[in-house]
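If you're matching positions, the sequence shown starts at 157 in the working numbering and goes up one per residue. We put the beta carbon where it would ideally sit given N, CA and C, even for glycine. Quantities reported herein were computed from a predicted structural model and do not represent experimental measurements. To start, the structure itself, in structure tokens.
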Amino acid sequence: MLNGIAVLVKTATMFLLNKILALYVGPSGYAAIGQFQNFIQMVTSFAGGSINTAVVKYTAEYGDNPNEQRKIWQNAGTIILALSVIFSLLIIIFQKPLSLYIFHSTEYRSVFIWFGIFLIFFNFNALFLAILNGKKEILKLVIANIAGSVFSLAITGFLAYQYHILGALIALSIYQSIAFFITLILCVKSDWFKFEFLFGKIDKAIATKFGHYALMALVSAVCVPLSQIVIRSLLTKEFGASYAGYWEAMTRLSGAYLMLVTTTLGVYYLPRLSELKTYTEIRHEVYTGYKFIFPLALMGGLAVYLLRDWIIKLLFTESFMPMRELFLWQIIGDILKIGSWILAYLMLGRAMVKLFMVTEIGFSLLLIIITYFSIKNFGFEGSTIAYMINYMFYWLIMSIFVFKKLRNEMVI
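Laid out in structure tokens, this is it:
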């Protein structure tokens with residue numbers, strides 16, 4: 157219920173932001189914003205964000221051992237501090253070539269300075285959220301997430317209104333960093349928190365544990381954003397920047413209405429899978445996921461499809477109506493995605509590194525290939541037909557290999 161409240165607030169703010177961005181940046185601006193968001197995803201993962209899944213897992217796993225938890229946090233904090241400083245300097249130094257690569261222009265190079273300055277707060281906010289998640293302090297996690305949503309709406313709305321695309325890009329660079337101070341206050345008020353628990357000598361054994369999750373997160377952080385960047389480029393080349401913006405708007409809408417499901421997977425499901433000790437317990441938890449989580453995706457998808465015309469007019473503008481033809485295949489793909497993710501989260505919860513890396517790389521490449529041929533044969537609609545086909549195969553592979561690996565490695 158608490159998670160649901162946070163998700164409702166976040167969903168409401170995302171819908172409002174979609175409307176603001178639709179009004180002040182337009183379809184082509186959506187494409188630029190999507191490019192920069194993908195860049196942020198990749199950089200934050202390389203700058204330490206890749207270990208946050210491990211922080212959630214081991215904080216939950218060592219729930220009855222405070223000393224081990226502190227070792228986890230000390231190693232995580234030290235690694236994140238070092239990497240954040242390094243990447244901040246690199247981003248600021250190479251702002252011009254980065255702007256040319258991401259935006260094909262130097263007009264927005266200043267956003268990289270903003271992002272470089274605020275990166276360290278960005279990453280420590282994510283670390284504190286991971287600790288709260290692992291500690292199962294859901295109320296504080298919810299408050300922190302709501303604060304982040306409110307800051308996102310206020311800052312992005314104001315800057316987009318004042319400076320249009322440039323303002324929206326600066327907002328993406330700073331709003332999560334500002335939310336850091338709220339998250340910090342919530343953590344400081346906890347009995348288990350002290351600043352000395354965040355920094356210390358790096359332990360090789362713990363760093364090795366982090367390494368497994370870092371590999372998975374980095375592969376995901378590179379493959380998913382890069383595949384989206386390539387697809388936007390394909391759509392821009394084939395149909396124009398506005399159509400890349402329609403696709404980005406559809407992707408954002410998809411993420412917004414599925415947020416209750418995806419957040420539940422991260423906040424409840426992942427720590428729960430990390431705690432379980434036997435194959436039978438895990439299988440039961442997965443079936444519970446299909447019983448309670450999967451129907452939410454079905455109902456949400458059906459509602460969005462039936463209300464698609466009203467949604468486009470309400471959340472975007474009339475100029476976004478061409479995205480209407482994407483809804484059917486996108487929503488079928490979303491449902492298939494959630495079905496596959498209920499199994500795929502086992503790879504994260506049980507540290508199935510090789511399987512995760514192979515499937516993540518393989519299906520990112522497959523999505524690009526299918527998208528290329530689909531848009532050639534089916535036009536703009538082919539972009540979401542490819543998405544649906546890709547997740548159909550992904551679910552099939554997850555259902556075959558994940559439980560097979562668990563049976564071989566765990567006590568029944």
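For the alpha helix (DSSP H) holding residue i, just list the boundary residues, first then last.
{"i": "Tyr137", "result": "There is no way to answer for residue 137, as the model of the chain reaches only from 157 to 568."}
{"i": "Ile299", "result": "Ile294 to Val344"}
{"i": "Tyr461", "result": "Phe450 to Leu462"}
{"i": "Met198", "result": "Gly182 to Phe202"}
{"i": "Thr515", "result": "Val509 to Phe534"}
{"i": "Lys227", "result": "Pro222 to Ile249"}
{"i": "Phe274", "result": "Ser266 to Gly290"}
{"i": "Glu217", "result": "Asn208 to Glu217"}
Just mark residue i as buried or exposed, buried being the case when its beta carbon has 16 or more other beta carbons within 10 Å.
{"i": "Lys532", "result": "exposed"}
{"i": "Glu516", "result": "buried"}
{"i": "Gly411", "result": "exposed"}
{"i": "Phe337", "result": "exposed"}
{"i": "Leu458", "result": "exposed"}
{"i": "Leu523", "result": "buried"}
{"i": "Ile525", "result": "exposed"}
{"i": "Asn223", "result": "exposed"}
{"i": "Phe318", "result": "Per the sequence presented here, residue 318 reads as Gln, with Phe not at that position. Per the 10 Å Cβ criterion, exposed."}
{"i": "Asn221", "result": "exposed"}
Ordered along the chain, which non-local residues of its own chain (more than five positions away) have a Cβ less than 7 Å from that of residue i?
{"i": "Met198", "result": "Ala377, Val378 and Pro381"}
{"i": "Ala178", "result": "Phe472, Thr473 and Phe476"}
{"i": "Val509", "result": "His368, Leu371 and Met372"}
{"i": "Asp359", "result": "Lys227 and Asn231"}
{"i": "Asn279", "result": "Thr200, Ala203, Gly204, Gly205, Ile236 and Ser240"}
{"i": "Lys561", "result": "Met508 and Leu511"}
Note down, in chain order, each residue of its chain lying with its Cβ closer than 6 Å to the Cβ of residue i, except the 5 sequence neighbours on either side.
{"i": "Glu537", "result": "Glu481"}
{"i": "Leu488", "result": "In the sequence as presented, Leu is not what sits at residue 488; that position holds Ile. Once the five neighbours on either side are set aside, the close Cβ partners of Ile488 are Met544."}
{"i": "Gly323", "result": "Leu315 and Ala316"}
{"i": "Phe512", "result": "Met372 and Met503"}
{"i": "Phe171", "result": "Leu471"}
{"i": "Gly401", "result": "Pro183, Ser184, Tyr186 and Ala187"}
{"i": "Phe483", "result": "Tyr461 and Arg464"}
Inspect the beta-carbon positions of residue i and residue j and report whether they are closer than 7 Å.
{"i": "Trp403", "j": "Gly495", "result": "no"}
{"i": "Gly304", "j": "Ala335", "result": "yes"}
{"i": "Ala162", "j": "Ile341", "result": "no"}
{"i": "Val417", "j": "Leu470", "result": "no"}
{"i": "Gln384", "j": "Asn194", "result": "yes"}
{"i": "Ala238", "j": "Phe366", "result": "no"}
{"i": "Met415", "j": "Thr167", "result": "yes"}
{"i": "Val267", "j": "Ile326", "result": "yes"}
{"i": "Val181", "j": "His320", "result": "yes"}
{"i": "Thr527", "j": "Ile387", "result": "yes"}
{"i": "Tyr413", "j": "Gly456", "result": "yes"}
{"i": "Trp229", "j": "Leu409", "result": "no"}
Taking the alpha carbon of residue i as the reference point, which residue from the options has its own alpha carbon closest?
{"i": "Asn289", "options": "Ile385, Glu217 and Thr364", "result": "Glu217"}
{"i": "Ser389", "options": "Phe171, Ile161 and Ser184", "result": "Ser184"}
{"i": "Arg439", "options": "Thr392, Val514 and Val558", "result": "Val558"}
{"i": "Phe307", "options": "Lys292, Thr339 and Val386", "result": "Thr339"}
{"i": "Leu492", "options": "Asn208, Lys291 and Leu454", "result": "Leu454"}
CB-CB under 8 Å to residue i, same chain, minus the five flanking residues each way: which ones, in chain order?
{"i": "Cys343", "result": "Phe284, Ile287, Leu288, Lys296 and Phe349"}
{"i": "His260", "result": "none"}
{"i": "Leu275", "result": "Val199, Thr200, Ala203, Ser240, Phe243, Ser244, Ile247 and Ser333"}
{"i": "Thr169", "result": "Ser305, Val306, Ser308 and Leu309"}
{"i": "Tyr399", "result": "Pro183, Leu391, Thr392, Pro478 and Phe536"}
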